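Here the structure is laid out as structure tokens; the discussion comes afterwards.
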Amino acid sequence: MRAALRSCWQWLEQTLDRAFSPEANPLRQLGALGWLCYWVVLGSGIYLYIFFDTGIEQAYASVERLTEDQWYAGGVMRSLHRYASDALVVMVVLHLIQELVHDRLHGARTFTWITGVLLIGFLYASGITGYWIVWDRLAQYVAIASTEWLDTLPFFAEPIARNFLHSASLSGRFFTLFCFIHIAVPLFMLFFMWIHIQRLAQPRVNPPMELTLGSMAMLLGAAWLSPAMSQAPADLSTVPAIINLDWFYLLFYPLLDRVPGLTAWGLLAAGALLLIALPWLAPRLRTQPAAARVDLPNCNGCGRCVQDCPFSALTLGQRTDGLPYADQAVVDPDLCVGCGICVGSCPTATPFRRHSSLVAGIELPDFPLIRLREEVEHAFAGHPPGGRILVFRCAHAPEVGDQSPGNAAITLPCIGHLPPPFIDYTLSRGHADGVVLAGCAQSACHERLGQQWTQQRMGRTRDPKLRERVPADRVIACWAGRNTGSVTAAMAAIRNRLPSPVATAEKQPCTAG
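All residue numbers in the sequence shown are consecutive under the numbering used here, ending with 517.
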């Protein structure tokens with residue numbers, strides 16, 4: 005089932021890639037869009053609070069004045085507040101599904117997954133209390149249903165729902181408490197959002213400008229075309245007959261009318277525990293490589309691996325081996341996902357070394373560089389030069405569809421694991437006639453930064469840079485995700501550039517980076 009869901013999700017991502025471009029694909033920017041929605045909700049909420057009266061008798065009237073008398077500003081802000089809040093729920097749910105189907109919840113990512121699940125609680129607490137303070141019929145229903153549900157827990161000396169028996173029993177102080185909760189919970193939520201991204205290097209919290217402008221245009225368009233309106237004012241002497249629910253936040257409230265409160269609490273607790281336990285319950289789609297290890301005799305403490313690590317698993321520490329360098333790289337195995345991006349950044353990761361054993365300053369125990377060099381050297385052993393294409397593919401990229409003798413592939417944990425000198429070595433030493441780098445879809449690197457760093461290394465804007473002597477027409481980077489045909493087309497494109505024409509598969513352009 006999970007594999008089927010993943011296939012459907014990838015099809016949807018690829019469809020939206022064609023519609024929006026990979027960089028502006030909303031499904032590839034869900035986390036950043038969530039942050040955008042949060043800031044819109046916060047900004048519009050501050051504006052609304054300036055004009056909002058927290059008194060029990062004045063709250064409804066102040067909201068109506070904002071909506072009716074100030075429709076061009078206050079009304080738009082109220083609607084923007086509502087729709088951005090709903091959009092935030094959508095972003096969070098889709099983001100959760102995305103991380104699950106892409107298997108980004110195990111090992112070092114478990115902390116981020118669990119804090120994300122906890123954020124869902126803050127999100128719903130913020131949204132539900134927001135409906136209370138409007139104090140219309142919907143607020144009346146939500147407040148009574150919520151407090152009756154809370155009263156089923158053995159934590160309160162007196163029933164909270166008693167405050168809603170009639171209008172005289174509801175004090176202004178109690179209503180002000182609602183307002184305080186609605187303000188305080190989002191601030192705590194912001195703190196947890198900060199914690200949520202603490203173990204990520206360079207977290208993506210701002211969507212691309214075109215996606216930001218498009219999202220804001222959609223929210224403002226919805227605010228203008230279908231403004232948020234209050235329902236009739238709350239009246240505790242009557243029971244509301246018809247309630248228009250916000251199904252994004254109040255989806256489960258009809259359930260509270262049909263099952264006992266403790267049963268509802270049990271269902272909520274079971275669902276929360278299931279989500280929290282998924283990193284241990286859901287099987288890994290792939291075995292995670294062992295954590296990287298530092299080889300001190302070859303580490304000069306340059307810090308490139310620290311700068312390039314996507315998960316903040318590397319730091320610089322004081323030298324412990326007596327060599328004349330100030331620092332050394334230190335790996336936290338609990339944070340390392342074994343992607344190998346640090347190996348690709350190491351200046352000592354060069355296959356041209358012959359007078360000493362090929363050991364870089366940092367290595368993956370499961371895939372040492374000496375093994376990578378051997379695979380390069382043996383990829384076309386016994387095959388005459390001409391038309392030999394070597395594909396370096398990440399474990400999440402498509403398999404090489406064309407298995408003819410002139411094609412070979414080496415699988416890496418991440419495309420960022422490949423040190424640029426290996427491309428130079430492959431071509432200059434005649435081990436292949438062309439090189440294809442096959443990675444995840446554009447802007448969708450499974451290890452977050454491997455694709456970005458590889459593009460910059462190939463473009464000679466980030467160390468270690470690809471040497472100038474490497475012919476650009478012999479190397480193609482193909483960010484095609486699971487599209488096997490694009491890799492085949494990239495191989496064909498390189499063959500077309502070689503001096504000796506070679507019969508190839510169908511010639512199609514490939515996204516190059």
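For each residue, glycine too, the CB sits at the ideal point set by N, CA and C.
None of the values given here were measured: they were computed from a predicted structure.
Using only alpha-carbon positions, find the residue among the options that is nearest to residue i.
{"i": "S490", "options": "A23, G270 and Q446", "result": "Q446"}
{"i": "G225", "options": "I419, L109, T354 and M81", "result": "M81"}
{"i": "P425", "options": "V44, T458, S408 and N302", "result": "T458"}
{"i": "S25", "options": "V96, W483 and F256", "result": "W483"}
{"i": "F192", "options": "L277, L122, A273 and V310", "result": "L122"}
{"i": "A493", "options": "R473, N411, R466 and L259", "result": "N411"}
{"i": "H387", "options": "F371, L223 and S408", "result": "S408"}
{"i": "M220", "options": "L376, A496, C41 and E103", "result": "C41"}
{"i": "V395", "options": "P389, I427 and L266", "result": "I427"}
{"i": "F256", "options": "I246, L100 and W269", "result": "W269"}
{"i": "L215", "options": "A165, P475, H99 and N29", "result": "N29"}
{"i": "A232", "options": "L9, A23 and G79", "result": "G79"}
{"i": "H200", "options": "G38, V439 and Q455", "result": "G38"}
If I follow the unbroken alpha helix (DSSP H) through residue i, where does it start and stop?
{"i": "A91", "result": "V80 to V105"}
{"i": "V121", "result": "T114 to W136"}
{"i": "Q459", "result": "G454 to M462"}
{"i": "F396", "result": "Where F396 is concerned, there is no enclosing alpha helix (DSSP H), although the beta strand (DSSP E) it sits in stretches over I393 to C398."}
{"i": "T58", "result": "Looking at the DSSP string, T58 is not in any alpha helix (DSSP H), and its letter there is neither H nor E."}
{"i": "L285", "result": "G265 to L285"}
{"i": "T430", "result": "P424 to S432"}
{"i": "I414", "result": "Careful: I414 lies outside any alpha helix (DSSP H), inside the beta strand (DSSP E) at N411 to L416."}
{"i": "S349", "result": "I345 to S349"}
{"i": "V380", "result": "L373 to H382"}
{"i": "V310", "result": "R308 to D312"}
Note the first and the last residue of the continuous beta strand (DSSP E) segment covering residue i.
{"i": "V439", "result": "G438 to G443"}
{"i": "L320", "result": "L318 to Q322"}
{"i": "N302", "result": "Counting along the chain, N302 falls outside any beta strand (DSSP E), and DSSP gives it neither H nor E."}
Can you tell me whether residue i is helix, strand or coil according to DSSP?
{"i": "Q18", "result": "helix"}
{"i": "N210", "result": "coil"}
{"i": "W483", "result": "strand"}
{"i": "A333", "result": "strand"}
{"i": "P190", "result": "helix"}
{"i": "I50", "result": "helix"}
{"i": "P258", "result": "helix"}
{"i": "T519", "result": "Limits of the chain in this structure are 5 at one end and 517 at the other, which puts residue 519 out of reach."}
{"i": "P237", "result": "strand"}
{"i": "E403", "result": "coil"}
{"i": "A507", "result": "Because A507 carries a pLDDT of 41, less than 50, the predicted location of this residue cannot be relied on, and the following value inherits that uncertainty. DSSP places A507 in coil when its eight states are reduced to three."}
{"i": "D140", "result": "strand"}
{"i": "I498", "result": "helix"}
{"i": "G517", "result": "The pLDDT assigned to G517 is 40, lower than 50, so where the model puts this residue is not dependable, and the model offers no usable value."}
{"i": "I366", "result": "strand"}
{"i": "W251", "result": "coil"}
{"i": "H200", "result": "helix"}
{"i": "R10", "result": "helix"}
{"i": "M5", "result": "coil"}
{"i": "G390", "result": "coil"}
{"i": "G342", "result": "coil"}
{"i": "P355", "result": "coil"}
{"i": "E472", "result": "coil"}
{"i": "A522", "result": "For the chain, the structure presents residues 5 to 517; residue 522 sits outside this window and is missing."}
{"i": "P158", "result": "coil"}
{"i": "G218", "result": "helix"}
{"i": "Y145", "result": "helix"}
Look at the Cβ atom of residue i, then the Cβ atom of residue j, and state whether they are nearer than 7 Å.
{"i": "I480", "j": "I393", "result": "no"}
{"i": "G120", "j": "Y253", "result": "no"}
{"i": "E148", "j": "F182", "result": "The question names Glu, but residue 148 is Ile in the sequence shown. No; because the gap between Cβ atoms is not below 7 Å, this pair is not in contact."}
{"i": "P293", "j": "L368", "result": "yes"}
{"i": "W3", "j": "A238", "result": "Limits of the chain in this structure are 5 at one end and 517 at the other, which puts residue 3 out of reach."}
{"i": "E379", "j": "I414", "result": "yes"}
{"i": "V67", "j": "S234", "result": "yes"}
{"i": "T133", "j": "I185", "result": "yes"}
{"i": "L157", "j": "N167", "result": "no"}
{"i": "E451", "j": "C343", "result": "yes"}
{"i": "H421", "j": "P283", "result": "no"}
Count the CB pairs spanning the region 427-434 and the region 357-369 that are closer than 8 Å, and state whether there are at least three.
no
Would you check if there are 3 or more beta carbon pairs closer than 8 Å linking the region 364-384 to the region 284-302?
yes
Between the region 314-322 and the region 202-212, do at least 3 Cβ pairs fall closer than 8 Å?
yes
Within the chosen definition, does the region 208-227 reach the region 81-91 through at least 3 CB pairs nearer than 8 Å?
yes
Can you confirm whether the region 28-39 touches the region 208-215 when touching is taken to mean that 3 or more C-beta pairs between the two stretches lie within less than 8 Å?
yes
Please confirm if the region 89-102 is in contact with the region 248-267, defined as three or more CB-CB distances below 8 Å between the two stretches.
yes
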